[in-house]
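Residue numbers (our numbering): 1 to 303. What follows is a short report on a single structure.
Below is the structure:
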């Protein structure tokens, strides 16, 4: 029986990159059964460009425009829920700023009888010998090894066994997730908003004892990540890190590293503050305290 695959693309104010992503999805050697585009209330003319390009009249594409910007987390929540309730077997999840190789889905499905979560190899658009997003190295307990990463494609090839790297994948950059996983662990936690929603979902799935892999020859191209903090990004990044640690510490680090992690993260937070205003610093510290109590304090813009 054919496996029904829905690609879920979340977009916000990057209409040209979105079109590039959709063009790549339409050229897959193994056709995608449905493409679900979730637009987080873009203000850059995204619907007009999609209409002009013929995507809004394409029966293979569902365009969902949300009334407000719910962040990446809210967008993926909406897309996952739509695909799951429509009965698709596999959910293929990605942001709008990357694009797939033409045989990416075909390569991912080659191991779909063995694994429930299959990540693409995320290569740099500027230098395909490098990974745009690093892969974590795991220790003997299956938790994160301290400050150890796979950063190049050659390193990935050396670490992979039978074509896959086991234990880690970069979520929402061409990751393929079976509906059974969603049934067991649920949807994305939309309250995380941005920066950390994919990390939380990865660790939640890992904690549920699913084997997560990266397929070495399923390529997804993405610009290399450049951290440039604004207040809203800094706030969500560190709030979410503390929240995730509080929920999943035992699935993240082993031994003493588990106890040093929050200290290291707090120092990193204070060293990277995008604003020296007392109001922002207090807001950030309150968010960290609440996150350590498994509560998420929403970001409020300074007056």
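The beta carbon of each residue, even a glycine, is placed where N, CA and C say it ideally should be.
Closest in alpha carbon position to residue 83, among 5, 245, 279 and 48, is 5. For the beta strand (DSSP E) assignment, the uninterrupted runs of no fewer than 3 residues enclosed by the stretch 63-132 are, from N- to C-terminal side, 90-95 and 117-124.
Between the stretch 40-56 and the stretch 119-127 there are fewer than three C-beta pairs closer than 8 Å, too few to call the two in contact. Excluding its 5 nearest sequence neighbours in each direction, residue 103 has C-beta neighbours in its own chain below 7 Å: 29, listed in chain order. Cα atoms of residue 117 and residue 14: separation of roughly 27 Å, rounded to the nearest angstrom. Rounded to whole angstroms, the separation of the alpha carbons of residue 88 and residue 38 is 17 Å. Residue 219 carries a strand assignment under DSSP once its states are collapsed to helix, strand and coil. Just so you know, the alpha carbons of residue 18 and residue 255 end up roughly 43 Å apart. Here the C-alpha atom of residue 8 lies approximately 14 Å from the C-alpha atom of residue 66. Relative to the Cα of residue 32, the nearest Cα in the group 192, 62 and 119 belongs to 62. When DSSP reads this structure, residue 169 sits in no beta bridge, so it has no partner.
With 16 or more other Cβ atoms from the protein chains shown falling within 10 Å of its own Cβ, residue 252 counts as buried. Taking the C-beta atoms as reference points, residue 231 is found nearer than 8 Å to residue 280. If you ignore the 5 residues before and after residue 175, its C-beta comes within less than 6 Å of the C-beta of 93, 119 and 169, all in its own chain and listed in chain order. If you ignore the 5 residues before and after residue 196, its C-beta comes within less than 7 Å of the C-beta of 236, 237, 240, 241 and 244, all in its own chain and listed in chain order. Rounded to the nearest angstrom, the Cβ distance from residue 214 to residue 121 is 6 Å, consistent with a contact under 8 Å. Exclusion of the five residues before and after residue 43 leaves 13 as the residues of its chain whose Cβ lies within less than 7 Å of its Cβ.
Secondary structure note for residue 147: it is in no alpha helix (DSSP H), and the uninterrupted beta strand (DSSP E) holding it is 144-152. The residues 150 and 168, in chain order, have a CB closer than 6 Å to that of residue 135 in the same chain once the five nearest residues on each side in sequence are set aside. Between residue 223 and the set 57, 97, 56 and 86, the nearest pair of CA atoms involves 97.
Residue 208 sits in coil when the DSSP states are folded into three classes, being neither helix nor strand. Annotation for residue 34: the continuous beta strand (DSSP E) segment containing it runs 34-39.
Close CB contacts of residue 45 within its chain, under the 8 Å cut and outside five residues either way in sequence, are with 15 (chain order).
Between the C-alpha atoms of residue 270 and residue 228 there is a straight-line separation of about 15 Å. Taking each of 47, 86, 146 and 75 in turn and checking the Cα distance to residue 258, the smallest one comes out for 146. Comparing alpha-carbon positions, the option among 142, 130, 74 and 114 lying closest to residue 191 turns out to be 74.
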